[in-house]
Every structure is written in C-alpha cells, then in structure tokens.
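Going by the working numbering, the letters in the sequence shown line up with residues 1 to 459, in that order.
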Amino acid sequence: MNVEQPFALVVGGGPAGSEAARILGQAGKPVVLVEKDRPGGRALWHSLIPSKAWLSFAETLDRLEPWSPGLPFPETDQPLASGILQRLGEIQNALADRLQADLQQYNVRVVQGEARFLDARTILVEEPDGKALHFKPQYILLASGSVPVFPEGIRPDGQRILAPRFMSALQNIPSSMVVLGCGVTGCEFIYLFNRLGVQVTAVTDMEQILPRMSLTMARRLEAHLAGRGVRFIKQHAALRAENTGAKVQVQLAWGKVVEAEAAFVALGRRPDLSGLDLQAAGLVLNGEGGVGIDRQCRTNREHIFAAGDAIGAPMLANRARLQARIAALNMLAPGSATFRPEQVVEAVYTHPTAARVGWQEEAAREQFPGDTAWLELPYRLSDRAYLEGAEEGLLRILYQPSTGRILAAEALGEHAAELLTPVALLIRRQGKLEELAALAPANPTYSELFLFAGKPRFD
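In structure tokens form, the structure reads like this:
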C-alpha cells in the first residue's frame, strides 16, 4: 500500500480550506486539498455565493430607489429570475477560475473524494471511482463546513418548501412566502423576498430577530422590515411545513397555522463531520457538536487543526478564513498566531446592512462592571448619507469611559460591514476613541462618522 506523506492535508475546499491550502502552498509546502464536490465547496456552489448574488441584486434595486425620479426605465413588478441566475453562473465560474488559478500557482494538489481517519495520523480518501488513497501528513486541517438543520416535519422539497441551496436554480418567484427563522440567513431572505415583491411572513421561536445583535439594532431592523410590509410572528416555533400542492401550510406552536405560496427554511446549520470518523483520531468535540480547538486553532491532537463551520457558530466565511490563516501559520511556525474572536466582523446583508464586531454587550459589562457606555453616531452626520438617502443609519460604539478603550461596535446602514473594519483593528490592539477620531477619511464617505468619536489624538 502506497502512503503519501505531504506536509499538510486539508479536508474541505470552502473558504477555510482553500485559504489554508493557498498559504501553505505559497510557503512552498506540499499540500493536498480534499473536497467532496468542486473546489469552492458548498459556499461557492450551493449556499453563500448564490444567496449573496440574489442579495446583491436586491441591494442594487434599493440603491437606485432614491434616484427613481431620474431613472430612464419604468419599474416592473418582479425581476426575471433567469437573468439573475445567468449572472450568478458567470460569478461562480469567475470565482472558480480564480480559485483554481491560485491553487495551481502554489502547486496545491486537489483530490476529489471523501476523507476519513484510519487513526490519528492516517487519512483514507475515497475517490468517486472507488479508488482509495492513503495519506500520512505532518499536519491535518479539518475544514469540512456545515450543513443546514431541518427538523422532522420541516423538510425542503425544492418546489414549494425551499432552502438556500435551491437559490441557484430558482426559476419562479412566489407571490407569498413564510420564512422560518430570523437569524442571519433568515433575515437576509426576509429582506430579499420582500424586496422582490413577495408578501413575507417571518416566523421565529425567539423574542428578537438577530440574537447576536443588540436589542436596539435588532428592533430598528425589525421596524424597518415591518414598515416595508413584512409580518413578524415571534415566540412561535414552527412544527410542520406541508406542501399541499397549491400552497404551503406551516403549523406553529399554540395551534396557529400560516399559509403561503411557498416556505423558506432557515433554521440554522450544524458542523458537517459526517464520515470523518473523528473517534478513530481521538478528537474531542465542543459543546456545539463541532471540533474543539484552542486559540491557535489546534485540536486536542497537536498535529490536527480545525477552522470554520466545522467548529460551530458563528458560521461566517471571514471567520473561517481567519481561523484557516491562523492554523496554517501555526503549522509553519508553532505558536506564532492566535485567534481573537472579538476582531471578526459579523454582517447581515439586509438593506440596510447590519453589522457588529467586538465584545458582546453582556460579556463586556461583566468584564468591566460600571465602566461601559454606548456612543451613538447617526449617519446624518455624514454627507454621504444624504447623497444615498441613508440618513436613518446608525453607528454605535461600546467603550470604557475611564480609558476610552473601544470594546465593540455595531452599525445599521449603508456599508455597515466596511465601516466596522477599522474599528475591528483598533479593538484587536485595544485602541481608543481618540485614535478613531484622528483618522482622515475621504469626503464624502461614511467613515467621516469617526470624526465625531471624540477628541482626536495625533501621535
């Protein structure tokens, strides 16, 4: 039996796996990337990119809205799904070509197949034709991603009961929709379908939408969506969704039934560790059912790392890439990189966009009792907001009054995710409001909001 011994074997070709393989290959190390499907994984072909393509289309419509009196074409009731899908295909092919070129440039070997542990050091990869390959790499990265959660009685059929993976082939836009779940994915599709002219009813078993956002921002976004006609049903769990042929009936707790032409299921995701046989490697799971890691993204086995959705929530592509970079750097130079979750920007691509970074408010108040406060900077302080009809936006910064140290930030408005990027850098280095106020952003930009963060300090 031939056993290959590369420097690293990466399981999963999504955002995390591709990033780690690129970095290791760039360093001149022999790398094998194992992916069940095509490089890019589910993120490129089935979930993230298809969803974001539809959301980008909806956002474009919203950005045109303030200028509608000057547009040379009339509005239509609904867009042509075929045109959006054509553009989606072009985007996917372009991204796939770019990824393939990157991997080839750095001599990353891509193997299509399913990987599983034979023991803590040996991995077997079964290719589609049944051929078995054996590897004993110096390092292993688990980046196998996640799969959606579909409770019993709520199973997508691709016809009237939909899920994100069906967006790459959606030919007809329904007139009414029940969206199950008001987390990140749920809220994005609530916004999307509403913007496409669909009558949307949103159902969640929680007290607020977007539980990782502050109650202030969650309520603002909910009010905005409700103002556009979205109906919210909160604190009601969905028990069953049935395709009756002409419509979908969704049975909720307390005997309530909601009907619509279609339903969209966004009830969360879980780490995809199926088939890996982690027990054979002696790996320990965390409380979320994902692979347990330390701050170097290392598992309880010194040579095995994990990154991205395989670890658990929050399941974000940028978090996955960051963890993959940290894992790769620690393979190249052990102990050289540390993962800091507070520097990860979380974004929800509704319109307006919602984003946050840093400490959760409750954790910050526990860590710094009596020494936290919110600074609110309305978008109307920026000239750019008036140009784009975005005066209702809001930036909030959580800080320590005693020191000025920035602990967290959140925004609801145009370019919210980009707006928080420099804040994330300051949070990482325990920066202060006076440093934020000392920036010199271009005019007109939303970054000019930072000029109102306090008295600037120029070193």
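Just so you know, even glycine gets a beta-carbon here, dropped at the ideal spot from N, CA and C.
Three-state secondary structure (DSSP) of residue i
i      : result
Phe189 : helix
Thr204 : coil
Trp359 : coil
Tyr349 : coil
Gln112 : strand
Tyr106 : coil
Gly389 : coil
Pro151 : coil
Val230 : coil
Gly413 : strand
Arg220 : helix
Pro15  : helix
Ser176 : strand
Ala143 : coil
Val32  : strand
Phe452 : helix
Buried versus exposed call for residue i [16 or more other C-beta atoms within 10 Å across all chains shown]
i      : result
Asp309 : buried
Leu425 : exposed
Ala320 : buried
Gly13  : buried
Thr244 : exposed
Met331 : buried
Tyr531 : A query on residue 531 cannot be resolved here, the shown segment of the chain reaching from 1 to 459 and no further.
Lys432 : buried
Trp254 : exposed
Val108 : buried
Phe458 : exposed
Glu127 : exposed
Thr299 : buried
Val149 : exposed
Val125 : buried
Gly282 : exposed
Glu391 : exposed
Met217 : buried
Within 8 Å, strictly: CB atoms of residue i and residue j
i      : j      : result
Val178 : Val250 : yes
Ala417 : Ala307 : no
Leu273 : Val291 : yes
Gln400 : Phe368 : yes
Lys36  : Ala8   : no
Pro444 : Ser382 : yes
Ala262 : Leu252 : no
Glu207 : Gln235 : yes
Val110 : Leu44  : no
Gly268 : Gly145 : no
Phe339 : Gln360 : no
Arg38  : Ala115 : no
Ala363 : Ala355 : no
Ala202 : Phe232 : yes
Leu439 : Leu221 : no
Best match in the options for proximity to residue i [C-alpha to C-alpha]
i      : options                        : result
Val3   : Leu44, Gly113, Arg121          : Arg121
Glu414 : Gln430, Phe458, Tyr349, Glu361 : Tyr349
Ser82  : Gly41, Val108, Arg212, Asn172  : Asn172
Gly478 : Pro341, Arg325, Ala355, Val31  : Nothing about residue 478 can be reported from this structure: the residues present for the chain run from 1 to 459 only.
Gln92  : Ile49, Asn300, Ala16           : Ile49
Ala27  : Pro378, Ala363, Val10, Ala328  : Ala328
Gly153 : Ala246, Arg295, Leu180         : Leu180
Leu239 : Gly186, Met217, Thr204         : Thr204
Ala16  : Glu388, Ile140, Ser176         : Ile140
Gly287 : Leu419, Arg298, Arg228, Ala313 : Ala313
Gln430 : Pro352, Ala411, Gln343         : Gln343
Arg228 : Glu242, His351, Phe450, His46  : His351
Thr353 : Cys187, Leu283, Ala440         : Cys187
Lys256 : Ala246, Ala241, Phe135         : Ala241
Leu210 : Val200, Val184, Ala223, Gln199 : Val184
Ala246 : Ser175, His303, Cys182, Ala333 : Ser175
Leu170 : Met217, Gln86, Asp294          : Gln86
Close Cβ partners of residue i (< 8 Å) along its chain, the five nearest in sequence each way excluded
i      : result
Thr421 : Val345
Lys455 : Glu434, Ala437
Ala530 : For residue 530 there is no data in the structure shown, the boundaries of the chain being 1 and 459.
Phe166 : Pro156, Gly158
Pro464 : Nothing can be reported for residue 464: it is not among the residues displayed for the chain, which extend from 1 to 459.
Any C-beta of chain C under 8 Å from that of residue i
i      : result
Asn107 : The structure shown has no chain C; it contains just one protein chain.
Nonlocal neighbours in the same chain, by C-beta distance under 7 Å from residue i, ignoring five residues either side
i      : result
Leu225 : Ile190, Tyr191, Asn194
Arg365 : Thr372
Glu376 : Leu394, Arg396
Leu88  : Pro50, Ala53, Ser168
Arg428 : Arg340, Gln343
Tyr106 : Arg22, Gly25, Gln26
Ser214 : Glu361, Glu410
Check: residue i C-beta below 7 Å from any heavy atom of the ligand SAM
i      : result
Gly268 : As for the ligand SAM, it is missing from this structure, which has no ligand bound.
Close beta carbons around residue i, own chain, < 6 Å, minus the five adjacent residues each side
i      : result
Asp62  : His351
Leu133 : Val125
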